[in-house]
Amino acid sequence: MGTGVFVVSAVSDNYSQVDKLWSVMPAVYAWVIYAEGGKTPRQLVMASLITVWGGYSWKFWEGEEDYRWVHVRKIPFVGSKVGWFLFNLIFISFYQAYLIMGFTLPMILTVSKVQTELGVVDSSAIILIASLIVFETMADEQQQAFQNEKYRIINAKEPMHEPFKTGFITSGLFAYCRHPNYLCEQAIWASLYLFSIAATGKVINWTLTGALLLILLFQGSGIFTEIISAQKYPKYKEYQAKVPMFIPRLF
């Protein structure tokens, strides 16, 4: 998959090709494991949840290149021809392709001759993931509605007013943390890991690596996104001071 992503991105000069697969490939991997791994109830539940998540995630992707790549190209060496070639090959294409496979890997541990029945841990994972999908969808819809209205006002050449004058959304779920959609996505894949605990009876197993690497990716991309936002919007630093990045303040 990484090779295909690299070739298409280089030919099309659009370096967000992996984004097209981010919502699709986890479901493909999940159903392949289901078909070849015994077709157990646990696998069916996991594959179904992953597919639902993928469907909602795909809904909000419009095919545009990630705006952050323009800013990444400004980094010394990375923006050079050789630097960008290597960055696209190693990080954008291959690393993310393997990462997508990696955070789906807890399903592998459900493939066993000895199968356990669905239990409390499975039920907890189902409730968590279903709830997180709802919240991630809500966050995406709130952000999309805000941006659509902001650009409608700009294109209509109407006087800009609050909250759109600020430039970024601070209401709804974004009043509790600055990236609720990022938070939910990280938590969804961390929750999927619970199924591997239920299947093996072991709290720690090697498939945790995928979720941990995903969380690290979101930490880095979140920080980079915030640097761009703080440069673009004068009031963003005030927002940063008041609202947590990922983990909401409950009290």
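Going by numbering that gives the first Met the number 0, 109 is the number at position 110 of the sequence shown; the sequence numbering is gapless. The C-beta atom is built at its ideal place from N, Cα and C for all residues, glycine as well.
- Message: What would DSSP say about CYS183, mapped onto helix, strand or coil?
- Response: helix
- Item | Exposed unless 16 or more other CB atoms sit within 10 angstroms - verdict on GLU178 | In the sequence on display, residue 178 carries His and not Glu. With 16 or more other Cβ atoms within 10 Å, it is buried.
- Query: Over what stretch of residues does the alpha helix (DSSP H) that includes PHE35 continue unbroken?
  - Reply: The amino acid at residue 35 is misidentified as Phe; the sequence shows Glu. Run containing GLU35: 24-35, per the alpha helix (DSSP H) assignment.
- Message: Quick check on THR206: does DSSP put it in helix, strand or coil?
- Response: coil
- Where the alpha helix (DSSP H) containing LEU20 begins and where it ends: 16-21
- Among PHE90, GLU116, GLU140, nearest to SER56 - alpha-carbon criterion: GLU140
- Item | Burial state of MET106, where buried means 16 or more other Cβ atoms lie within 10 Å | buried
- Query: What distance in whole Å lies between the Cβ atoms of TYR232 and THR169, which are believed to be in contact at a cut-off of 8 angstroms?
  - Reply: Not really, about 11 angstroms apart at Cβ, beyond 8 angstroms.
- Query: For SER8, which of ALA144, PHE84, ILE203 has the nearest alpha-carbon?
  - Reply: PHE84
- Query: DSSP three-state call for MET244: helix, strand or coil?
  - Reply: coil
- Go through its chain and collect everything with a Cβ distance to GLY53's Cβ below 7 angstroms, but skip five positions before and after it. SER22, VAL23, PRO25, ALA26
- Ordered along the chain, which non-local residues of its own chain (more than five positions away) have a Cβ less than 7 angstroms from that of LEU212? LEU98, GLY101
- Message: Quick test of your reading: THR103 and ALA29, contact by CB under 8 angstroms. State the CB separation rounded to the nearest angstrom.
- Response: 6 angstroms
- Query: Expressed to the nearest angstrom, what Euclidean distance is found between the alpha-carbon atoms of ALA46 and PHE223?
  - Reply: 32 angstroms
- Give the straight-line distance between the Cα atoms of GLY36 and THR109, rounded to the nearest whole angstrom. 8 angstroms
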